[in-house]
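*Asks:* Just so we're aligned: the sequence shown equals residues 134 to 383 in our numbering.
All C-beta atoms in this analysis are idealised placements derived from N, C-alpha and C, irrespective of residue type, glycine included.
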Amino acid sequence: MIYIIKFLYSTFILPPGIFILVLIFICFKIHKFNSKFLKPLILFTFIFYAFSIPLVTDSIISSLERQYSPPRNPSADVIIMLGGGATLDTPNLDFKGHLSGYSSNRLLTVLQLYKKLNVPIIISGGKVFKSSGTESKIAENILLSIGVPKSNIIIDDRSINTTENAKYTSELLQKYGFKKPILVTSAFHMPRALLQFKKFKVTVTPYPTDYQTDIRKSFGTNDLIPSGDSLSKLSLGIKEYIGIFASKVY
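(1) Note down the Cα distance separating residue 285 from residue 193, rounded to an integer number of angstroms.
(2) Tell me residue 341's beta-bridge partners as DSSP assigns them.
(3) Can you check which of these residues, 343, 180, 223, 213, is closest to residue 306 by C-alpha distance?
(4) Based on Cα-Cα distance, which residue from 197, 188, 153 lies nearest to residue 176?
(5) Taking 7 Å as the cut-off, decide whether the C-beta atoms of residue 216 and residue 236 are in contact.
(6) How long is the line joining the alpha carbons of residue 242 and residue 342, rounded to whole angstroms?
(7) Give me, in chain order, the residues of the same chain whose beta-carbon lies closer than 6 Å to that of residue 386; leave out the 5 immediate sequence neighbours on both sides.
(8) Counting Cβ pairs, one atom from each stretch, are 3 or more of them under 8 Å apart for the stretch 285 to 305 and the stretch 247 to 257?
(9) On the three-state DSSP scale, how would you describe residue 264?
(10) Pick helix, strand or coil for residue 335, following the three-state DSSP scheme.
(11) Among the candidates 329, 350, 227, 358, whose CA atom is the shortest distance from the CA of residue 373?
(12) Report the CB separation of residue 239 from residue 318 in whole angstroms; it is logged as a contact under 8 Å.
(13) I need the straight-line Cα distance from residue 320 to residue 190, nearest angstrom please.
(14) Suppose you measure from the CA of residue 309 to the CA of residue 211; what does that come to, to the nearest Å?
(15) State the start and end residues of the unbroken beta strand (DSSP E) segment that holds residue 153.
(16) When DSSP labels each residue in this structure, what does residue 254 get in the three-state scheme?
(17) Measuring straight from C-alpha to C-alpha, what distance separates residue 265 and residue 224?
(18) For the alpha helix (DSSP H) containing residue 211, list its first residue and its last residue.
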């Protein structure tokens, strides 16, 4: 019974489900008046529904995530991690600030690679907004707190976007003489990140992580249920494709 209640609540009361129900209700209401707005509203409702379900949005985000795969036997002389958001003043153990979910997943993969390769780590990410934390410094604090030596951590705390990630990281690679970098970022972000690194003539081994959906997607009834998570994936996908287009044009 509890699962049925949870299903009804999450599907029909929480956004975006409640908005879709309201739109359907309005369609039925104006149908009585043979309004010229009925067909456009029905079309809008269908499109809104389609872009609110995993069946559609998982396909969009997956089209980005499938472009690169982690190498089975990675080798590198340095690990590069790109930041993906951080809070400013949230309490941590001995410092303030937390990494976003995207950044945290990236950092976890960096730690796994560090344990395997035992090479220095470059963390690229600055203070993007006045209200956000400096991503590289927060990540550095986390690494130090779990025993990674400070001598193995290099930070770029100036970058506020992917272009600057590539620019300032390329300068650090030249400064320290690294020749074989491995790049860690979210799988959906990797295509755009590689385009930016290519602009600065930096060749990296891509190591995507932080996957938002399965590689081999199997259909389930939940794929037809509207969810806020689907809208978030839609936003991510659109942002990345716009960024990829902009990277190719400029």
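*Replies:* Concretely, from the data shown:
(1) Distance between the alpha carbons of residue 285 and residue 193 is about 37 Å.
(2) 318
(3) 213
(4) Selected option, being the one with the closest Cα: 153.
(5) yes
(6) 7 Å
(7) With the chain represented from 134 up to 383, any question about residue 386 goes unanswered, as that position is not in the structure.
(8) yes
(9) coil
(10) coil
(11) 329
(12) 6 Å
(13) A direct Cα-Cα distance of roughly 15 Å separates residue 320 from residue 190.
(14) 10 Å
(15) No beta strand (DSSP E) contains residue 153, which is instead part of the alpha helix (DSSP H) from 150 to 164.
(16) strand
(17) 14 Å
(18) From DSSP, residue 211 is part of no alpha helix (DSSP H) but of the beta strand (DSSP E) over 211 to 215.
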